[in-house]
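The sequence shown runs -19 to -1, 1 to 426 under mature numbering (1 follows the signal peptide of the UniProt record, and there is no 0).
Each remark here refers to the structure printed beneath this line.
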Amino acid sequence: MGACLGACSLLSCASCLCGSAPCILCGCCPSSPNSTVSRLLFTSFLFLGVLVSIIMLSPSVESQLHKLPWVCEDVLQGPNDCGSLLGFRSVYRMCFATAAFFFLFTLLMICVRSSRDPRAAIQNGFWFFKFLVLVGITVGAFYIPDGSFSKIWFYFGVVGSFLFILIQLILLIDFAHSWNQQWLGKAEECDSRAWYAGLFFFTLLFYALSIAAITLMFIYYTEPGACHEGKIFISLNLTFCVCVSIIAVLPKVQEAQPNSGLLQASVVTLYTMFVTWSALSNVPDQKCNLHLPTAGGNQTLGDYQTQWWDAPSILGLIIFLLCTLFISLRSSDHRQVNNLMRTEECPAVLEATQQQQQVAAFEGRAFDNEQDGVTYSYSFFHFCLVLASLYIMMTLTNWYSPNETQKMISTWTAVWVKICASWAGLCLYLWTLVAPLLLPNRDFS
């Protein structure tokens, strides 16, 4: 009997890895919709690429690789080519592989409407073969000749990161809206002022952190009679954040959007200050940027050091991880994300889905909740992971640009991209506030 159960378990796992059946979950795990399991597994592929990139940035990796001469001399045809496995070049190649992998699925999953589409089986199954595809693309990426690849791919990373910064802001606004709505609902249900006090506390906290960030940026990134660009950027973003905060609490805006308030504005303000701080950390002026490596610092190709992992990069990595997980785990309550990622509403499927969930909970497996309509846009989800791959590439390399001698230098390009992204994000948030007033006949609920 036990042998039969073991054989059935192996067959079930094989159908998950090599076929299109829903993945078998452990008995202690709650039943989950197939769509959520698939998003988590694709996200784990991205996180695996991030982990490999971080490992290849470690200074100790180079010495360990040179202890294995067959890697550089036999596999990569020459000791100089071993540099492609190290430093920023390894990050560029690893992120190129993950971006290419997800872009392939972006094209493959266009216009998938339900799990009855044959391509949905590829989306939700065949994980072993998809992992092999990712490994194959990664191996091929490390054989790309240096040439102009790094410089060209840097600009791809800049554009993709700009778009992903906007997506991060949308996710944060959506999270703040859901947070505000839930706590206000609990305050009305329980008739308790504690929930209002909690919202007030976090709103005040976020504004206090924003003010502290502005003060520290003026102290550490500006100098009397110098650093005029930094002063202008900080002052402009401070002014814009004050304006959107005032607009968010105007009576007409509150009437059109009852759930809008200072909590969302405080989250947008704090995120804008983070992007401004990140931009100032890339200013190519030693006097105005304490994060810039000093002359004679370890900037050579074979000496890529973790000293580049400054505070903005670490915080950017944390925000990236949280936002990427949010994309994978978000529920149907998150309106902002679903407006981007959902292709159609599926209310008729709810009853059937609940029945499947009860059966799946008993059997300990994932269940198909997309037979009559997908719950998210497969193609746009993969496109978000493409942008996430480019954003993490720029974050891990601190937005430095390779020059003709394959050294990494800080440029004004990164500064202007981040500042423009902060302005575009503020305009996007402003539009969410005034759109119901300008277009009263449309439903923005």
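Every residue, glycine too, gets a C-beta built ideally from N, C-alpha and C.
Terminal residues of the alpha helix (DSSP H) in which residue i lies
i	result
Cys76	68 to 89
Asp155	130 to 171
Ala260	243 to 261
Phe361	359 to 377
residue 428	Residue 428 is absent from the model: the chain starts at -19 and stops at 426.
Gly121	108 to 122
Ser216	209 to 229
Ser96	Careful: Ser96 lies outside any alpha helix (DSSP H) and carries neither H nor E.
Glu236	232 to 237
Ser391	Unbroken run through Ser391: none, as it is neither H nor E.
Pro293	292 to 310
Arg20	15 to 37
Contact check, residue i vs residue j, beta carbons under 8 Å
i	j	result
Thr253	Ser403	yes
Ala81	Val93	no
Gly206	Ser259	no
Gly372	Phe301	Looking at the sequence itself, residue 372 is Tyr, so the reference to Gly does not match. Taking 8 Å as the Cβ cut-off, Tyr372 and Phe301 qualify as a contacting pair.
Met147	Ala405	The sequence given here has Leu at residue 147, not Met. Yes, these two residues count as a Cβ contact at 8 Å.
Asn240	Gln162	yes
Val225	Val249	yes
Ser16	Tyr357	yes
Gln238	Pro417	yes
Leu152	Phe364	no
Cys208	Tyr201	no
Leu251	Leu190	yes
Ser309	Leu89	no
Leu115	Met198	no
Val367	Thr87	yes
Cys76	Gly117	no
Gln352	Arg97	yes
Integer Cβ distance of residue i from residue j, believed to fall under 8 Å
i	j	result
Ile215	Thr184	No, Ile215 and Thr184 are not in contact; Cβ-Cβ is about 22 Å, not under 8 Å.
Asn389	Gly138	A small fix is needed here, since residue 389 is Met in this sequence, not Asn. With a Cβ gap of about 13 Å, Met389 and Gly138 do not count as contacting.
Trp380	Asn263	5 Å
Ala157	Gln245	4 Å
Thr392	Ser294	Not confirmed; about 16 Å, so no contact.
Ala78	Ala122	4 Å
Val72	Ser34	5 Å
Ile154	Thr413	7 Å
Trp164	Leu180	5 Å
Candidates the options: closest to residue i by CA position
i	options	result
Phe130	Tyr188, Phe86, Pro383	Pro383
Tyr410	Gly242, Phe362, Leu306	Gly242
Ser370	Leu144, Leu407, Gly106, Ser96	Leu144
Tyr124	Asp172, Phe109, Arg70	Arg70
Tyr359	Ser95, Phe77, Trp160, Leu29	Ser95
Ile227	Met37, Leu89, Val415, Leu419	Val415
Leu271	Leu419, Asp127, Arg97, Gly211	Gly211
Leu27	Phe107, Ser41, Phe112, Pro14	Phe112
Asn218	Cys401, Ser34, Gly30	Cys401
Cys408	Glu169, Ser173, Ile118, Ala229	Ala229
Gly68	Phe84, Phe107, Ser41, Ile192	Ser41
Asp127	Asn422, Ala168, Ile154, Arg74	Arg74
Lys132	Thr378, Ser247, Leu420, Pro421	Thr378
Pro14	Arg423, Lys399, Val355, Leu231	Val355
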